[in-house]
Each structure stands twice: as C-alpha cells, then as structure tokens.
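Trainee: Sending over a structure as structure tokens; questions will come in a sec.
Number of protein chains: 2
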Amino acid sequence: MKLTEDELRRFDEDGYLFFPGRFTPEEVGVLKQAAAEVYALQREEVWRESSGVARTAFAAHTYNEAFRRLGAHPRLIEPVMQLVDGPVYMHQYKVNAKAAFDGEVWQWHQDYGTWRRDDDMPEPRAMNIAVFIDEVTAANGPLLFIPGSHKFGVLEAGHDLETTSYPLWTLDRDTVKKLAERGGCVAPTGPAGGMLLFSSLLVHASPPNISPMDRTIVYLSLCHVDNHIRRFKRKEWIAHRDFTPIEPLADDCLMDLADDQAALGRRYRPPPLPVATPLRSPWCLG
Amino acid sequence: MKLTEDELRRFDEDGYLFFPGRFTPEEVGVLKQAAAEVYALQREEVWRESSGVARTAFAAHTYNEAFRRLGAHPRLIEPVMQLVDGPVYMHQYKVNAKAAFDGEVWQWHQDYGTWRRDDDMPEPRAMNIAVFIDEVTAANGPLLFIPGSHKFGVLEAGHDLETTSYPLWTLDRDTVKKLAERGGCVAPTGPAGGMLLFSSLLVHASPPNISPMDRTIVYLSLCHVDNHIRRFKRKEWIAHRDFTPIEPLADDCLMDLADDQAALGRRYRPPPLPVATPLRSPWCLG
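Spelled out as structure tokens, the structure:
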C-alpha cells in the first residue's frame, strides 16, 4: 500500500492522487448496500437535501459494520499515514449521496479552512481520502479540483450559511479564478471503486447533480493524532473527538464481511432498500 | 463533408455524432473574438443570466460577420443536408455562453418539443449542430445526452417559465430516468473546435457552470425548407421566418475573414472586449 516516489512527487505538485479501480466490484457492492442502509435511517447524522433525499450520512463508521471496516481499510489508512508521517485518527466520516436530480452544489472551499476556523485543528496535517461507490461522470456532479491550489495555505473565506443545508467556509470568485489560471481545473471521473486522495488545503467544489444517475462517494478525513482538534464547537459526529490511532485491518476485511453475511444466511436480513434499485449507467463517457 | 455509413448508423442508434477537432485553433480564435463582440452589444437578442452576464446571443448570424459565415459553413450545413435529405434553412441560431460561475442550468428537454408546440414545425426533420468555442470539460457545464432518446417521438413535457430566464418545455424525472436506464447518460467533452450534431428529438440538458472557466458553444438549428414553421408566436430572431435555403460557403470562409481583418489593418478595429481575457484551461481532464 506504499505510495511510490512518483506518486509522492505528484501529490506534492498537484495536491491529489487518483487511483481508478482501487476497490473491486464485489467490495463496491458491499458498500453500496451499506449506503442504502444508512440513508434509510432516521438519525440526526443523516442530513437531507431541501427535497428530502439523503445528502450526507455523517459518522457512518460508528453505526454500520461495512463503513466501520472501510474506516480502517489499509488501502485508505496506510497511504495517509505515510503522507502525514505517523498514526492517524478519524476526524470526519461522510457518505455523500449527491442523488440523481436532487444532489446540490458544494461551493469552492478548502476543508482545512473549516477545520482550522471551526475546530481549531493546529496544522493542515490531515487529509481526505474518498472511495467512489457509484460511477462518477461528467454528468453526475463530479468533484472539481484546482491542481496546485494546496500550496497557498489557508485562503480567505466567507461563512456561507445559505446556499445549501451545510454551512461552509467558501472562497470568493477572484481567488478561485486566479488559482485556476495557474493550475487549471480538473474533474477526476471513473467507475465505482476509484479512490481519490487529496490535501485538506486543496481548493475543490462539486456542481449539482441534474442527471438521472446517483453519485455516492465516501469521504474519510484523517488527521495525525498529535494534530487533533482543540475546539469542540461542532457536533461530535461531525468533528470527532476520539483521537485513538486507527489500526489498519486486513486487506480483505470487506470481502470477509460479504462472506460472513452470506454464511449467516437466513439469520441475516439487511433492511429493505428504501428506494428503487439505483440506476445502472451502462456507458457514461467522461 | 459526407457522413460515412458508419456515422449514419451511429446517428440512427444514438441520436448524435461528436467530431472532436473539427475546427482549427485559428478558426476558433475568429469565433471567440466574435462571441466577445456580440456579448458586448446591448440588443434584445442578447439575453442575460439573473446575474447580468450574457447567457445567449440569438440570431448572431444576422449582425456579426464571423457568425454569418459559420451559419453557412459547409462543415455544418452539408452533414445536416445529408441527414434531412435536402436543403435547409436556419430555424434558430444561438451563441450560448454558460459563463464561469454564473452559467445556469438547462433542464432536460427535446428541442423539437418546443418547435412543435410553440412554432408549429410539422415534423422533426430538423436538427442541431454545435461548435465548441471553449474547451468543454466535466467541470464547466457540459451538454448531457441520453443516447437513443430520440427514438420515442415527442415526449410529454411541462412549460417551465421559472427556473431560468428562458422558457422551456421540460420533461419529468420519471421519463428521464426510464430513458437513461435504457440508454445511459453521456457528456461529450473535448477541446474548443469540436463539433456536435444531434437530433432535435434527443433528450438533453446541461448543468450550471460553477467552474472558473467559460464555456461558449454556438448552436445552429437547421430545418428542411419544406418543414418550415407555420406559427409565428415567438420573436422572429428566436424562431426565424426566413426559409431561404442556405448555400454552403467555401471551407476556408472563416480563415478568409481572419485574413481580411488582418489585411484591413488599421482600418478594422474590433470593439474592445467587455471583460478580461477569458481564462485559459491548460489541462482539464474529462
């Protein structure tokens, strides 16, 4: 699971790394089922769009077994430990739905901007790592990155409490324009199972999903244990307060779960899906 | 400029054809300058977003020389004449801006739905052909198509007068979902100079442009002369009433214009650009 010299260099330059096909279709299947389960729950951690469909399930690793395992998956934890040079704890865990037709915009922002201002995290010694649970295409609200935008520290931002249901420290247009003149603007797209690692200082956004295809991505925000947050203003299931170092599980931990569930046979009954089977996207060009 | 057998078959199946790099960077330069010129005009044909930036310049071929030539360009006119099997006239001509940050959504619709209902165009013997003036990426509000959705005639639609400044007959979500389960959802993306030909029955949309990159596309809607509209409810610069067959110009008509302008030297002064030079997008992944 070690990042190569070339990958380390590219991360330093661009502020992100994209690994298509890092999880198998079987593993994605386990996570897709888990996402449907958590979205069906009526819990305060599950936020909804203005239309009522799920937008984000926070802290899903604390109430779902598949997401618990993903939260300690070596393919996610080890590269981040390597980059922050030491043990990490889970600062935030989100299953972001961006549902077909309803998924709303995330404005231009840096995650560390929020962690610094709201949670008093001392340094940007923390980062995001994401797994695509659905295919991400140009059509369904992909994540947009400005390569190299992590090189400028914490940028000025305003607290947007209005655009969507989630309060966010967002950047002004001039800043985004200047950064994009320098670095461009990219949208990593690809089939479910892709993995995306990005700096907590990287400027990013994502457009609304007006397409008929869902677009679920799981985000882990991992922080070096010495760099844990100092202020506890936000809910503990948004900005976690358990700073225990994560012990990576075995590489087959998700497939083990699938096997266990199959072996349990009749005794195990996943809750019924709340919605029709998600649409397949037989061929979505990028 | 003839479409091949394979292209004809693909058009029949999918309802569209995409030709990357159909216009040279020099030709695109001429059109880009022309777009800046028309957007700077205060005319009723130039519509604006709620923010005030240009959204669409209608009928730009009637008041701009470069767009007049593009409106009779053989690379656009001849394939359409081949597909509708005869002479065509210009039913509509749009320079759609979809400006950085401000460009708004176009909801799911069929163009012929509007032409039938509003303009009484007898048959869908008409189609669109578009030229990318900017690079179109996953980031800047690409056109979204549902392949094969042109096979179901005119679909039920509701008249949306509220979402944006442009009234549109839009489809309901169930219809879009069903069509996408069958055909998927694609977003043809690529550098400026690409050409996109699509059926007037093809179901399409485009998301807002939240990126810092502009995304201008010129759309010609061409109709067989025998199939001209019968009702004149909309402004004549939106649904044209000049049914004269278009005579294709020479293939170098745009470069000729560039040469003429250069030769005119001091005598020719294009109006100053109303905005800063558009951003370059040095590398936007799809």
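Taken in sequence, the protein lines are chains A and B. Counting in the numbering used here, the first sequence runs from 1 upward without gaps. Counting in the numbering used here, the second sequence runs from 1 upward without gaps. Using N, Cα and C, we set each Cβ at its ideal position, and we do this for glycine too. All figures in this text were calculated on a predicted structure; none of them were measured in a lab.
#1: Please tell me whether alanine 157 (chain B) has its Cβ less than 8 Å away from any Cβ of chain A.
#2: Kindly list the residues whose CB is nearer than 7 Å to the CB of alanine 66 (chain A), restricted to its own chain and excluding five residues on each side of it in sequence; keep chain order.
#3: Using only alpha-carbon positions, find the residue among A:Ile229, A:Ala263, A:Asp252 that is nearest to glutamine 92 (chain A).
#4: For tryptophan 115 (chain A), report the span of its alpha helix (DSSP H) as first-last.
#5: For alanine 60 (chain A), which residues in the same chain have their Cβ closer than 7 Å to its Cβ, ignoring the five residues on either side in sequence?
#6: Under the three-state reduction of DSSP, which class applies to glycine 193 (chain B): helix, strand or coil?
#7: Could you pull out every residue in the same chain whose Cβ sits closer than 8 Å to the Cβ of tryptophan 237 (chain A), ignoring the five residues on either side in sequence?
#8: For my contact list, isoleucine 129 (chain B) and leucine 222 (chain B) are in at a C-beta cut-off of 8 Å; report their separation, rounded to the angstrom.
#9: By a C-beta neighbour count over all protein chains shown, 10 Å radius and 16 as the cutoff for buried, is methionine 121 (chain B) buried or exposed?
#10: Which residues of the region 191-217 of chain B have a Cβ closer than 7 Å to any Cβ of chain A? Give them in chain order.
#11: Which bits of chain A does proline 124 (chain B) rub up against, with CB to CB less than 7 Å?
#12: Please decide whether proline 248 (chain B) counts as near chain A, where near means a Cβ-Cβ distance under 8 Å.
#13: In whole angstroms, give me the CA-to-CA distance for alanine 138 (chain A) and asparagine 140 (chain B).
#14: Thinking C-beta only, is methionine 127 (chain B) closer than 8 Å to serine 50 (chain B)?
#15: Do the region 17-27 of chain B and the region 207-220 of chain B make contact, defined as three or more Cβ pairs closer than 8 Å?
#16: Which residue from A:Trp169, A:Ala99, A:His73 puts its Cα closest to that of aspartate 118 (chain A)?
#17: Specify, as a first and last residue, the run of the beta strand (DSSP E) that threonine 158 (chain B) falls within.
#18: Of all the options A:Glu5, A:Asp12, A:Gly21, which has the alpha carbon lying nearest to the alpha carbon of proline 188 (chain A)?
#19: Express the C-alpha separation of asparagine 227 (chain A) and threonine 244 (chain A) in angstroms, rounding to a whole number.
#20: The ligand NAP heavy atoms versus the CB of alanine 239 (chain A): any closer than 7 Å?
#21: Could you pull out every residue in the same chain whose Cβ sits closer than 7 Å to the Cβ of leucine 17 (chain B), ignoring the five residues on either side in sequence?
#22: Which of the residues in the region 91-114 of chain B, read from start to end, lie with their CB under 8 Å from any CB of chain A?
#23: Checking contacts by CB at 8 Å: is aspartate 257 (chain A) closer than that to chain B?
#24: At the level of alpha carbons, what is the spacing between cysteine 185 (chain B) and glutamine 42 (chain B)?
#25: For alanine 66 (chain B), name the three-state secondary structure that DSSP assigns.
#26: Candidates B:Met195, B:His159, B:His204, B:Ser149: which alpha carbon is nearest lysine 178 (chain B)'s?
#27: Quick check on proline 282 (chain B): does DSSP put it in helix, strand or coil?
#28: Please look up how many angstroms separate the CB atoms of isoleucine 146 (chain B) and alanine 180 (chain B), rounded, as I've assumed it's under 8 Å.
#29: List, in chain order, every chain A residue whose beta-carbon is nearer than 7 Å to that of proline 142 (chain B).
#30: Return the residue from the list B:Arg173, B:Val53, B:Ala100, B:Lys151 that minimises the CA-CA distance to glycine 15 (chain B).
#31: Applying a beta-carbon distance threshold of less than 9 Å, which residues of chain A neighbour cysteine 223 (chain B)?
#32: Whole angstroms is fine: what's the gap from aspartate 102 (chain A)'s alpha carbon to arginine 215 (chain A)'s?
#33: Would a C-beta distance cut-off of 8 Å place histidine 109 (chain A) and leucine 171 (chain A) closer than the cut-off?
#34: Using a Cβ cut-off of 8 Å (strictly closer), state whether arginine 9 (chain A) contacts chain B.
#35: List, in order along the chain, the chain A residues whose C-beta lies closer than 7 Å to that of valine 176 (chain B)?
Mentor: If we stick to the structure as given:
#1: Closer than 8 Å: no.
#2: Once the five neighbours on either side are set aside, the close Cβ partners of alanine 66 (chain A) are Val30, Leu31, Ala34, Leu254, Leu257.
#3: Distance check between glutamine 92 (chain A) and each of A:Ile229, A:Ala263, A:Asp252 places A:Ile229 closest, using alpha-carbon atoms only.
#4: Element bounds for tryptophan 115 (chain A): 111-119.
#5: Counting only Cβ-Cβ distances below 7 Å, and skipping sequence neighbours, we find Val38, Phe67, Tyr93, Val95.
#6: DSSP places glycine 193 (chain B) in coil when its eight states are reduced to three.
#7: Beyond the five residues adjoining it in sequence on each side, tryptophan 237 (chain A) comes within less than 8 Å, by CB distance, of Glu44, Glu45, Phe58, Ala59, Thr62 in the same chain, given in chain order.
#8: Yes, they are in contact, since the Cβ atoms of isoleucine 129 (chain B) and leucine 222 (chain B) sit about 7 Å apart, within 8 Å.
#9: With 16 or more Cβ atoms within 10 Å of its Cβ, methionine 121 (chain B) is classed as buried.
#10: If the cut-off is 7 Å between Cβ atoms, the region 191-217 of chain B has Ala205, Pro207, Pro208, Ile210, Ser211, Pro212, Met213 near chain A.
#11: Simply none; closest approach about 23 Å.
#12: Chain A places no beta carbon closer than 8 Å to that of proline 248 (chain B), leaving this residue out of the contacts.
#13: Looking at the two C-alpha atoms, the distance is approximately 9 Å.
#14: Their beta carbons are not under 8 Å apart, which means serine 50 (chain B) does not touch methionine 127 (chain B) by this criterion.
#15: In short, these stretches do not touch, since the Cβ pair count stays below three.
#16: Minimum Cα-Cα distance from aspartate 118 (chain A) among the listed residues A:Trp169, A:Ala99, A:His73 corresponds to A:Trp169.
#17: With the sequence shown as reference, residue 158 (chain B) is identified as glycine, and threonine is not the correct amino acid for it. Counting along the chain, the unbroken beta strand (DSSP E) around glycine 158 (chain B) starts and ends at 158-160.
#18: If we check each option's Cα against that of proline 188 (chain A), A:Gly21 comes out closest.
#19: Approximately 12 Å, taken between the alpha carbons.
#20: As presented, the structure is devoid of all ligands, the ligand NAP included, so that no description of it is given.
#21: Closer than 7 Å at Cβ, skipping near neighbours: Glu7, Arg10, Phe11, Leu197.
#22: Within the region 91-114 of chain B, the residues whose Cβ lies closer than 8 Å to any Cβ of chain A are, in chain order, Ala100, Phe101, Val105, Gln107, Trp108.
#23: Checking the sequence shown, residue 257 (chain A) turns out to be leucine, not aspartate. So, not an interface residue.
#24: Rounded to the nearest whole angstrom, the C-alpha separation of cysteine 185 (chain B) and glutamine 42 (chain B) is 37 Å.
#25: Judged by DSSP in its simplified three-state form, alanine 66 (chain B) adopts helix.
#26: Comparing C-alpha distances from lysine 178 (chain B) to each of B:Met195, B:His159, B:His204, B:Ser149 shows the shortest one belongs to B:Ser149.
#27: Interpretation of proline 282 (chain B) is limited by its pLDDT of 32, a score under 50 that renders its predicted location unreliable; the figure taken from the coordinates is listed afterwards. Proline 282 (chain B) falls in the coil class under three-state DSSP.
#28: Yes, isoleucine 146 (chain B) and alanine 180 (chain B) are in contact; Cβ-Cβ is about 5 Å, under 8 Å.
#29: Ala138, listed in chain order.
#30: The shortest C-alpha separation from glycine 15 (chain B) is found at B:Lys151.
#31: The contacting residues do not exist; cysteine 223 (chain B) stays about 28 Å from chain A at best.
#32: Each residue's alpha carbon lies about 11 Å from the other.
#33: The beta carbons of histidine 109 (chain A) and leucine 171 (chain A) sit closer together than 8 Å.
#34: At least 8 Å separates the CB of arginine 9 (chain A) from every CB of chain B.
#35: Within 7 Å Cβ-Cβ: Pro212.
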